[in-house]
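Residue numbers (the numbering used here), protein chains in the order written: chain A, 36 to 129; chain B, 36 to 129; chain C, 36 to 129; chain D, 36 to 129; chain E, 36 to 129. For reference, the structure discussed in these notes is given below.
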């Protein structure tokens, strides 16, 4: 999975039927320190993430797992909203 | 999924039978602000996208989903034509 | 799919049985204007492509589709030989 | 597989049910000489790896194999903790 | 597939059961002229390749094909040892 920030949304009226009813969010990948890295991608979402939130997403074949048994033609899906990231530079709550 | 702009088309008479009858479009990946990024790819299409249109495509195993049950040997398929992109810099219609 | 030019061939006597009898071609990825980009890869072939030809290939799971039902352990297969590329800079024959 | 070092952890209360109960670790990819390379990723874990340990992970479809028959929507999973790396610059114990 | 040179080996006692008994080799990707390119990866092996040999490997889902029906959680497997590479700069033996 990769970390990212939701930075926008895409609207499309002509699309594959498997994507009907799916929100499409634009995600900017971020590093562990939340600085942006690499190019933005378009993700489906199974968490209800909103603009500005830090999330992580899966790509590839696994991106359609959350929608099983529907055949959603997605290769990138947000699967979690991040509460906290700990990289040893902050106090570890665990 | 990734955003891109249709910039051309490829013709091939010798090809895998699974690709017969499929239009092959050349897509230039673009960022959320529609500036080009990275190298162009060749996509199959299930939307009827035309030259100059902004689209998004899936790659990998999902790229053959829209053609099920046909076994189309494609790893990149256009699955939507973009109406509008909102990244917080324009008014949010939602 | 990505565009490429066939630039060579690989011989291997010790290999996975699933690759026996498969020609292995070295492909240099090219942009839509046919200039080289990125590093060369080794592809199986289902088209009979020869040295110097412009082709497109699929990667990933789809690369084994053309050989079904054989289990060819390939992640990159040439699936078409390009006749013409049109990117709006030449007259559009369509 | 790729080599990496565990550098942190991610907490998420809103997530795909398939990820419930899975620890999510932040991994910094490293080269064979253990110097960092590329951007960090978020991995599920099937080894019990801890902060600072050198591990290797699989990505893609294989990342959900260790959790079979559960459908874990992960595209990156730690599958081993490294005891020793030998690249010919140290004495070869084999 | 990609070309690479075997440059080392990894030992791990804690690992996914699906990797038990598998040799893990460190591979440096190389170009067609055998110069190194990109970062090293860890591969399983089905050829008996040794240190210094030029090989090619598959990545992704296909990397577990050579081990079927065993479920080896590998995303990169050496599938051939290269005898000769011909890129038109040497005499073509074919």
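We put the CB at the ideal spot given by N, CA and C, even for glycine.
Listed along the chain, the chain A residues whose CB falls inside 7 Å of the CB of residue 40/D amount to none; the nearest CB is some 11 Å away. Leaving aside the five residues that flank residue 72/C on each side, the residues in its chain whose CB is nearer than 6 Å to its CB run, in chain order, 64, 66. Against chain D, a Cβ distance below 7 Å from residue 62/A picks out nothing, because the smallest value is about 13 Å. Taking 9 Å as the Cβ-Cβ cut-off, the segment 89-115 of chain B approaches chain C at 94, 95, 96, 98, 99, 106, 107, 108, 109, 110, 111, given in chain order.
Contact between residue 101/D and residue 112/D is confirmed by a C-beta separation of about 6 Å, below the 8 Å threshold.
Neighbours of residue 47/A in chain B, taken as residues at a C-beta separation under 8 Å, are given in chain order as 91, 115, 116, 117, 118.
Cβ proximity to chain C below 7 Å picks out 74, 75, 76, 77 from the segment 64-82 of chain B.
Taking a Cβ-Cβ threshold of 7 Å, the residues of chain C close to residue 86/B are 123, in chain order. At least one CB of chain B lies nearer than 8 Å to the CB of residue 37/C. Look at the segment 55-115 of chain A and you find these whole runs of beta strand (DSSP E), each 3 residues long or longer: 59-64, 76-80, 89-94.
Setting aside the 5 residues that flank it on each side, residue 69/A is surrounded in the same chain by 38, 40, 89, 120, each with a C-beta closer than 8 Å to its C-beta; the list follows chain order. In the structure shown, the three-state DSSP call for residue 123/D is coil. No Cβ of chain C is located within less than 8 Å of the beta carbon of residue 56/B.
For residue 56/B and residue 99/B, the gap between their C-alpha atoms comes out near 14 Å. Short of 8 Å from the beta carbon of residue 81/E, and not among the five residues preceding or following it, lie these beta carbons of its own chain, in chain order: 101, 102, 112, 113, 114. Residue burial annotation: residue 110/C is buried, with at least 16 other C-beta atoms found within 10 angstroms of its C-beta. About 7 Å separates the beta carbon of residue 59/D from that of residue 44/D, a gap short enough to meet the 8 Å contact definition.
Out of 116/E, 47/E, 93/E, 87/E, the CA that lies nearest to the CA of residue 122/D is found in 87/E.
Closest in C-alpha terms to residue 83/E, from the list 97/C, 74/C, 51/C, comes 51/C. Membership of residue 43/E in the beta strand (DSSP E) is indicated by the continuous run 37-46. Residues 51, 53, 54 of the same chain have their beta carbon placed closer than 7 Å to that of residue 108/B, with the five preceding and five following residues left out of the count.
Distances from the CA of residue 85/B to each of 93/B, 116/B, 106/B, 76/B were compared; the closest alpha carbon is that of 116/B. Looking at 118/D, 36/D, 92/D, 62/D, the one whose alpha-carbon comes closest to that of residue 42/D is 62/D. For residue 75/B, same chain residues with a beta-carbon under 7 Å away, outside a window of 5 residues either side, are 42, 61, 62, 63 in chain order.
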